[in-house]
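Student:
In UniProt numbering, the protein residues as written are 1 to 290.
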């Protein structure tokens, strides 16, 4: 009963966790920038190109930037979940552009891709772990159950690493990168009319990580419960085996081996004869057997 309850709990928590991190990964509301665009034309410096991304309300995901309202012209946007989205321009730098990057810019570029790869690897491992867990549950295999638990712990590690990279990327953009289009290069008017917040995709990712962690712990508990149930079953079988009595057919005989033959020395020239048939000697009439 304990193993069944642990299996049920681990299945529920793991499925919810995988679903949540998948939703968070495929949606683009990790970081939300709200811009009061109507206040900008009369306040920014003359000659400012208001068609740049930084002057539009936008939401950032792991790979895309989406625009809930107006869209910059010429950005090459696509429709995704009812929003106009485009690949994050910071991730499209070619080799020529990267050669002119500063050290912090180069780190920022590679961290962006590492964030996507780390999150994707965690999600892929979660799907593999789900398949292995289903097989282990059907076969009631304690080893597969424990392996699935370790896979889910690895998934949690990948997701936490991806979220940590996301935070570091945000820190670089706000405090370390001084060139356009990052925060430190903005005009003061733009800073005053722009607000930043973490979106629901980011919150969903954290909730998914918590569910996966609980699922991994319950998988380890399910492994222990299943192993204890098997040990109890083996112990019960062993006790039942030791409780069995000897076969009644063996009781009349003195030993497991037949005694020596009676030699003719004691009976003159009479032919010898073997002793009474025992349990392990030749007994053509099967005396003593039921």
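Where a beta carbon is used, it is the ideal one built from N, C-alpha and C, also for glycine.
Cutting at 8 Å between CB atoms, please list the residues of its own chain near residue 112, excluding the five before and the five after it.
Tutor: These residues qualify, in order along the chain: 88, 90, 91, 169.
Student: Should residue 208 and residue 13 be called a contact, given that it needs their Cβ atoms to be closer than 8 Å?
Tutor: No, the Cβ-Cβ distance between residue 208 and residue 13 is not below 8 Å.
Student: Looking only at its chain, what residues have a beta carbon closer than 7 Å to the beta carbon of residue 291, apart from the 5 residues adjacent to it on each side?
Tutor: Past the edges of the chain, shown from 1 to 290, lies residue 291, and the structure says nothing about it.
Student: Going by C-alpha distance, which of 33, 143, 48, 57 is nearest residue 226?
Tutor: The residue with the shortest Cα to Cα distance from residue 226 is 143.
Student: Who are the near neighbours of residue 173 in its chain, counting only those whose CB is closer than 8 Å to its CB and skipping five residues on each side?
Tutor: Closer than 8 Å at the Cβ level, and outside the excluded window around residue 173, lie 108, 182, 183.
Student: Can you tell me where the alpha helix (DSSP H) with residue 139 in it begins and where it stops?
Tutor: Note, residue 139: alpha helix (DSSP H), 103-139.
Student: Using the beta-carbon count (16 or more within 10 Å), is residue 78 buried or exposed?
Tutor: Exposed: under 16 other Cβ atoms inside 10 Å.
Student: Below 8 Å on the Cβ atoms is my contact criterion, and I expect residue 60 with residue 31 to pass it. Report the Cβ-Cβ distance as a whole number of Å.
Tutor: At roughly 4 Å, the Cβ-Cβ gap stays under 8 Å, so residue 60 and residue 31 are in contact.
Student: Figure out for me which residue from 54, 125, 127 has the closest Cα to the Cα of residue 315.
Tutor: Any property of residue 315 remains undetermined from this structure, which presents the chain solely from 1 to 290.
Student: Applying the criterion that 16 or more other CB atoms from any shown protein chain within 10 Å of the CB defines a buried residue, is residue 10 buried or exposed?
Tutor: With 16 or more other Cβ atoms within 10 Å, it is buried.
Student: Compute the distance between the beta-carbons of residue 37 and residue 56, then report whether it is under 8 Å.
Tutor: Yes.
Student: Tell whether a beta-carbon distance below 8 Å holds between residue 137 and residue 158.
Tutor: Their beta carbons are not under 8 Å apart, which means residue 137 does not touch residue 158 by this criterion.
Student: If I follow the unbroken beta strand (DSSP E) through residue 64, where does it start and stop?
Tutor: Taken as a continuous stretch (DSSP letters only), the beta strand (DSSP E) holding residue 64 covers 64-67.
Student: Along the chain, where does the alpha helix (DSSP H) containing residue 71 start, and where does it finish?
Tutor: No alpha helix (DSSP H) contains residue 71, which DSSP labels as neither H nor E.
Student: Mind reading off the beta-carbon distance from residue 197 to residue 163? Whole number of angstroms is fine, and I expect it under 8 Å.
Tutor: The pair is not a contact, with the Cβ atoms about 16 Å apart (cut-off 8 Å).
Student: Indicate the three-state DSSP secondary structure (helix, strand or coil) for residue 187 in the structure shown.
Tutor: Three-state DSSP puts residue 187 in coil, outside helix and strand.
Student: Taking the continuous beta strand (DSSP E) assigned at residue 100, which residues delimit it?
Tutor: Neither: residue 100 is in no beta strand (DSSP E) and is coded neither H nor E.
Student: Going by the CB atoms, is the gap between residue 219 and residue 145 shorter than 8 Å?
Tutor: In this structure, residue 219 lies closer than 8 Å to residue 145 by Cβ.
Student: If we count the other Cβ atoms within 10 Å of its Cβ and call it buried at 16 or more, is residue 18 buried or exposed?
Tutor: Looking at its Cβ environment, which holds 16 or more other Cβ atoms inside 10 Å, residue 18 is buried.
Student: Quick one: using the 10 Å Cβ neighbour count with 16 as the cut-off for buried, is residue 41 buried or exposed?
Tutor: The residue is exposed, with fewer than 16 neighbouring Cβ atoms inside 10 Å.
Student: Comparing C-alpha positions only, which one of 103, 62, 26, 4 sits nearest to residue 81?
Tutor: Nearest option by C-alpha distance: 26.
Student: If we call anything under 8 Å between Cβ atoms a contact, is residue 223 one with residue 129?
Tutor: For residue 223 and residue 129, no; Cβs fall outside 8 Å.
Student: Going by DSSP in three states, residue 80 sits in which element: helix, strand or coil?
Tutor: Reduced to three states, the DSSP call for residue 80 is strand.
Student: Within 10 angstroms of the Cβ of residue 201, are there 16 or more other Cβ atoms? Answer buried if so, exposed if not.
Tutor: With 16 or more other Cβ atoms within 10 Å, it is buried.
Student: Going straight from the alpha carbon of residue 51 to that of residue 75, what length do you get?
Tutor: Whole-angstrom Cα-Cα distance: 10 Å.
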